[in-house]
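There are 2 protein chains.
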Amino acid sequence: MKRLTLAVDAMGGDFGPCVTVPASLQALASHSHLVLLLVGDPDILSPFLAKADSSLVGRVQVIPAESVIASDARPSIAIRQSRGSSMRIALELVQEGRAEACISAGNTGALMGLAKLLLKPLDGITRPALMSVLPHQHRGKTVVLDLGANVNASSEMLVEFSVMGAVLAEEVLEISQPRVALLNIGQEETKGLETIREAAAILRATPQINYIGYLEGNDLLTGKTDVLVCDGFTGNVTLKTMEGVVRVFLSLLKSGDETKRSWWLRLLGRWIQKRLSRRFGHLNPDQYNGACLLGLRGTVIKSHGSANQQAFAVAIRQAEQAVRRQVPQRIAARLNTVLARSDKA
Amino acid sequence: MKRLTLAVDAMGGDFGPCVTVPASLQALASHSHLVLLLVGDPDILSPFLAKADSSLVGRVQVIPAESVIASDARPSIAIRQSRGSSMRIALELVQEGRAEACISAGNTGALMGLAKLLLKPLDGITRPALMSVLPHQHRGKTVVLDLGANVNASSEMLVEFSVMGAVLAEEVLEISQPRVALLNIGQEETKGLETIREAAAILRATPQINYIGYLEGNDLLTGKTDVLVCDGFTGNVTLKTMEGVVRVFLSLLKSGDETKRSWWLRLLGRWIQKRLSRRFGHLNPDQYNGACLLGLRGTVIKSHGSANQQAFAVAIRQAEQAVRRQVPQRIAARLNTVLARSDKA
Chain A
7 MKRLTLAVDA
17 MGGDFGPCVT
27 VPASLQALAS
37 HSHLVLLLVG
47 DPDILSPFLA
57 KADSSLVGRV
67 QVIPAESVIA
77 SDARPSIAIR
87 QSRGSSMRIA
97 LELVQEGRAE
107 ACISAGNTGA
117 LMGLAKLLLK
127 PLDGITRPAL
137 MSVLPHQHRG
147 KTVVLDLGAN
157 VNASSEMLVE
167 FSVMGAVLAE
177 EVLEISQPRV
187 ALLNIGQEET
197 KGLETIREAA
207 AILRATPQIN
217 YIGYLEGNDL
227 LTGKTDVLVC
237 DGFTGNVTLK
247 TMEGVVRVFL
257 SLLKSGDETK
267 RSWWLRLLGR
277 WIQKRLSRRF
287 GHLNPDQYNG
297 ACLLGLRGTV
307 IKSHGSANQQ
317 AFAVAIRQAE
327 QAVRRQVPQR
337 IAARLNTVLA
347 RSDKA
Chain B
7 MKRLTLAVDA
17 MGGDFGPCVT
27 VPASLQALAS
37 HSHLVLLLVG
47 DPDILSPFLA
57 KADSSLVGRV
67 QVIPAESVIA
77 SDARPSIAIR
87 QSRGSSMRIA
97 LELVQEGRAE
107 ACISAGNTGA
117 LMGLAKLLLK
127 PLDGITRPAL
137 MSVLPHQHRG
147 KTVVLDLGAN
157 VNASSEMLVE
167 FSVMGAVLAE
177 EVLEISQPRV
187 ALLNIGQEET
197 KGLETIREAA
207 AILRATPQIN
217 YIGYLEGNDL
227 LTGKTDVLVC
237 DGFTGNVTLK
247 TMEGVVRVFL
257 SLLKSGDETK
267 RSWWLRLLGR
277 WIQKRLSRRF
287 GHLNPDQYNG
297 ACLLGLRGTV
307 IKSHGSANQQ
317 AFAVAIRQAE
327 QAVRRQVPQR
337 IAARLNTVLA
347 RSDKA
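Structure follows, in structure tokens:
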């Protein structure tokens, strides 16, 4: 397999290098062809690397950065003051072709703005969107976007998101003629926001998209669609609601007053937990961390700010897969076809 | 206990009388002081009542209605053509003082519009909001609104929702100085939609409200706030996402290929399911069906359109409790105080 170089914003996220460096080493250990450029303060990063296996450290290069964009910074100000920051340098490495993708757990708004500035949107894309591939109850996958790159979405943007989501489902998940649905507050045509109704009308008139109508929040995990499209505010709230509920369930499964039980009940309890964890494991948010910023001329993966080591390592794997699958190139190629045909129609 | 008369739109919802009549009989059986006015087509309702216990049927009165508002009707048209419909007649019974509250599983938009038309909003309320009391992981409760009465919300509306939610938490859930949070896509002040940021500024300057800031979707069940406020589109999607995930979990708990197991494993499996169902039972959406339309001069409960008998019976109980707790009167009284003080400030 060909060597693959990724840039990691090692300072971003709630825990910074405490999570990003061990996660990077974990990713290097599982992928022998991977090279990681860790962008950050060398004085802070070095101690984390000092103790690591030399075979792994040999595939790490520390790229110095003077500053970090704060998670709570206003994106517009953060972008203006971004020169020399770990996030910007990581993106510049992609821009310059030194890395094939970039991963950051930092400020979403700043990442989105900087990525757009440095990597430029594809032709036909107004605004990039954050996309995740979520598991559903029948162990299939659903492409969901936008998860928070834009707080508002016009009907045109929703249509662009639909095209990008469909391309991703077809090219990466290998679903032929993927079903596309809009997230709304009712299944009837008259329901919801005007932008959604307008987008529905356009999608119905676009034969290249297998548009199946509206779905509601309760269908997020049911697998009724392959692609679920919404504005970034709704998508973010929905995804976080889902994750919150899943975490509550997983924690309730583990809870229970063990001290009061006899030894055999405790043993039994642990056995049950193990079986249940396996049954629900694919729904655990740590297993699908990493949203892909779609619609750019490069690959950018946004990790949860609060990701732990396991979850950040999953985000690195997402970046690697997006590069191998040539997601930006495939979207660009398909956008050309769909947009050209729509123009003629 | 004093007799209490409620009006039931017996024709509304996905299953109509098949659910509403058995649920009504169930509610009558558990509350000996309850009288129900079932509004609908007598020819359709009678067969369901014919077989019921005479002691229950004695507390039922069928109020004839000629038509039903379709669930997928456009609310504006449905309202114009609503005369003689079961939903409208049920609301008119409240308006005329013949019933103290009304329950419907019908078209949300039509119910909202007709309720506003017939029962009128309280002074100081721009638009009523749909509110539910959701369970949280520590077995406490969270008041959440708006759940879909309005697809958009201005900052003023969000502030009104906050006041109503706080009153409800204080007067009905008996939480002193209830914490109020706005649902947003980040906890930092700069995050999210402008209307939300404006509402936050007003709430921070309102000493009568114990405003604690923004919360995200993953905090829906954590009990970090007593009142969670959002616009109706977001609230509806969030609630349905939560319900969807809970249902997926409950169904996964029950699933598993039983045929392959030995008898003792099957027995054990059933025992475990029972224990788990008890642990998660309070999160089952059927247990808290029924959203209250707050901000009106009367009590209106909206049941899920797809409610089953158990869930619709819960909605009837919600109506009964709202009447006993004098929710509209208490909100009106408290609104006067808060609004008067805010005006002076």
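Which chain is which? The protein sequence lines are A and B, in order. Take any residue in the first sequence, note its place counting from 1, add 6, and you have its number in this note's numbering. Take any residue in the second sequence, note its place counting from 1, add 6, and you have its number in this note's numbering. Beta carbons: idealized from backbone N, C-alpha and C, even for Gly. No experiment lies behind these values; they were computed from the predicted model shown.
| Selected residue, minimal CA-CA separation from G154(B), among Q143(B), M118(B), I181(B) and A187(B) | As a position in the second sequence, residue 154(B) is number 148, starting the count at 1. Checking every option, the nearest Cα to that of G154(B) belongs to M118(B).
| request: Measure from the alpha carbon of L31(A) to the alpha carbon of each residue in E72(A), N113(A) and Q67(A), then state which is nearest. | output: Here residue 31(A) is taken as the residue at index 25 of the first sequence, counted from 1. Comparing Cα positions, the closest option is Q67(A).
| Whose CA, out of N342(B), G219(B), L341(B) and P334(B), lies closest to the CA of L125(B)? | For this step, residue 125(B) is matched to residue 119 along the second sequence. Per the Cα distances, P334(B).
| Close-in-space but distant-in-sequence residues of the same chain around I131(A) (CB under 6 Å, 5 per side omitted) | The count along the first sequence starts at 1 and reaches residue 131(A) at position 125. Contacts found: E166 and G301.
| task | Using a cut-off of 7 Å between C-beta atoms, extract the partners of D225(B) located in chain A. | result | As a position in the second sequence, residue 225(B) is number 219, starting the count at 1. The answer, in chain order, is G250.
| query | For E98(B), is the classification buried or exposed, using 16 other Cβ atoms within 10 angstroms of its Cβ as the cut-off for buried? | reply | Here residue 98(B) refers to the residue found at position 92 when the second sequence is read from its first residue. It counts as buried.
| message | Using the Cβ count rule (16 or more neighbours within 10 Å means buried), how would you classify S77(A)? | response | Taking the first sequence and counting its residues from 1, the one referred to as residue 77(A) is at position 71. It counts as buried.
| task | Could you pull the start and end residues of the alpha helix (DSSP H) that A111(B) belongs to? | result | Looking up residue 111(B) in the second sequence gives position 105. Per DSSP, A111(B) belongs to no alpha helix (DSSP H) and is neither H nor E.
| query | L258(B) to V251(B), Cα distance in whole Å? | reply | Locating residue 258(B) in the second sequence gives position 252, counting from the first residue. Locating residue 251(B) in the second sequence gives position 245, counting from the first residue. Cα to Cα, the separation comes out at about 10 Å.
| query | Does the beta-carbon distance from M137(B) to S110(B) come in below 7 Å? | reply | Reading the second sequence from its first residue, position 131 is the one you call residue 137(B). Reading the second sequence from its first residue, position 104 is the one you call residue 110(B). Going by C-beta atoms, M137(B) is not nearer than 7 Å to S110(B).
| message | Please list, in chain order, the chain B residues whose beta carbon lies closer than 7 Å to that of V254(A). | response | Mapped onto the first sequence, residue 254(A) falls at position 248. In chain order: Q143 and L227.
| task | Note down, in chain order, each residue of its chain lying with its Cβ closer than 7 Å to the Cβ of K8(A), except the 5 sequence neighbours on either side. | result | Mapped onto the first sequence, residue 8(A) falls at position 2. If we look at K8(A) and ignore the five residues flanking it on each side, its Cβ neighbours are H39.
| Who are Y220(A)'s beta bridge partners in DSSP? | Along the first sequence, read from residue 1 onward, the residue named residue 220(A) stands at position 214. DSSP lists L188(A) as partners of Y220(A).
| Identify the residues that DSSP records as bridge partners of L234(A): which are they? | In the first sequence, counting from the first residue as 1, residue 234(A) sits at position 228. Its beta-bridge partners are V150(A) and A187(A).
| request: Check the Cβ-Cβ distances between N156(B) and every residue of chain A, and say whether any is below 7 Å. | output: As a first step, residue 156(B) must be located in the second sequence, where it is residue number 150. No, N156(B) lies away from the interface with chain A (no Cβ there is under 7 Å from its Cβ).
| query | Mind checking if H123(B) is an interface residue toward chain A, Cβ cutoff 7 Å exclusive? | reply | Reading the second sequence from its first residue, position 117 is the one you call residue 123(B). Note on residue identity: the sequence assigns Leu, not His, to residue 123(B). Chain A contact via Cβ: absent.
| query | Less than 7 Å separating the beta-carbons of A116(B) and I85(B)? | reply | Your numbering for residue 116(B) matches position 110 in the second sequence. Your numbering for residue 85(B) matches position 79 in the second sequence. The answer is yes: Cβ separation under 7 Å.
| field | CA nearest to the CA of G304(A), picked from Q87(A), I83(A) and A96(A) | value | On the first sequence, position 298 is the one that residue 304(A) refers to. For the residues Q87(A), I83(A) and A96(A), the minimum Cα distance to G304(A) belongs to A96(A).
| message | Among the candidates N190(B), A317(B), L174(B) and G238(B), whose CA atom is the shortest distance from the CA of D232(B)? | response | Translated into the one-based positions of the second sequence, residue 232(B) becomes position 226. With distances taken between Cα atoms, D232(B) lies closest to L174(B).
| Own chain partners of E204(A) with C-beta closer than 6 Å, once the 5 adjacent residues on each side are dropped | Here residue 204(A) refers to the residue found at position 198 when the first sequence is read from its first residue. Excluding residues within five positions, the ones whose Cβ falls inside 6 Å are S161.
| query | For M7(B), does the three-state DSSP call read helix, strand or coil? | reply | To locate residue 7(B), count along the second sequence from 1; it is residue 1. Of the three classes helix, strand and coil, the one that applies to M7(B) here is coil, per DSSP.
| task | Could you tell me which of S91(A), G103(A) and D129(A) sits nearest to G112(A), measuring between CA atoms? | result | Translated into the one-based positions of the first sequence, residue 112(A) becomes position 106. Looking at the Cα atoms, S91(A) is the closest of the given residues.
| task | Use the C-beta contact count for K57(A): other C-beta atoms within 10 angstroms, 16 or more gives buried, fewer gives exposed. | result | Position 51 of the first sequence, counting from 1, holds the residue named residue 57(A). Under this definition K57(A) is an exposed residue.
| Taking only beta-carbon atoms, is T148(A) less than 7 Å away from chain B? | One-based indexing of the first sequence puts residue 148(A) at position 142. Output row for T148(A): interface = no.
| task | With L55(A) as the anchor, note down where its alpha helix (DSSP H) starts and where it stops. | result | The residue you call residue 55(A) lines up with position 49 of the first sequence. It spans P48 to A56 - the alpha helix (DSSP H) in which L55(A) sits, taken as one unbroken run.
| As assigned by DSSP and simplified to three states, the class of V25(B) | Translated into the one-based positions of the second sequence, residue 25(B) becomes position 19. Residue state, collapsed to three classes: helix.
| task | Using 10 angstroms around the beta-carbon of L123(A), count the other beta-carbons present and answer buried if the total reaches 16, otherwise exposed. | result | What you label residue 123(A) is simply residue 117 of the first sequence in a count that begins at 1. With fewer than 16 other Cβ atoms within 10 Å, it is exposed.
| message | What would DSSP say about L299(B), mapped onto helix, strand or coil? | response | The residue given as residue 299(B) occupies position 293 in the second sequence. The answer is strand: DSSP assigns L299(B) an E or B state.
| chain B residues whose Cβ lies nearer than 8 Å to that of G198(A) | In the first sequence, the residue the question calls residue 198(A) occupies position 192. What G198(A) touches in chain B: V157 and F239.
| message | Counting only beta-carbon separations shorter than 7 Å, does T244(A) have a partner in chain B? | response | As a working mapping, residue 244(A) is identified with position 238 in the first sequence. So, interface residue.
| field | Segment limits, beta strand (DSSP E) that includes G305(A) | value | Along the first sequence, one-based indexing puts residue 305(A) at 299. The residue asked about is misnamed: residue 305(A) is Thr in this sequence, not Gly. Here the beta strand (DSSP E) through T305(A) covers T305 to K308.
| Under 7 Å from the C-beta of E194(B): neighbouring residues of chain A | Here residue 194(B) refers to the residue found at position 188 when the second sequence is read from its first residue. Going along chain A in sequence order, the residues near E194(B) (Cβ under 7 Å) are D78.
| field | Chain-ordered residues of the stretch 18-34 of chain A with a beta carbon less than 9 Å from chain B | value | none
| task | For E222(B), return the contacting residues in chain A, with the cut-off set at a CB-CB distance below 9 Å. | result | Locating residue 222(B) in the second sequence gives position 216, counting from the first residue. Correct list: N242, V243, K246, T247 and G250.
| query | What residues from chain B crowd round I85(A), counting only those whose CB sits closer than 7 Å? | reply | Against the first sequence, residue 85(A) aligns to sequence position 79. By Cβ distance, chain B contributes nothing, its closest Cβ being about 13 Å from I85(A), past 7 Å.
| task | With Q315(A) as the anchor, note down where its alpha helix (DSSP H) starts and where it stops. | result | The residue labelled residue 315(A) in the question sits at position 309 within the first sequence. Segment Q315 to R330, the alpha helix (DSSP H) holding Q315(A).
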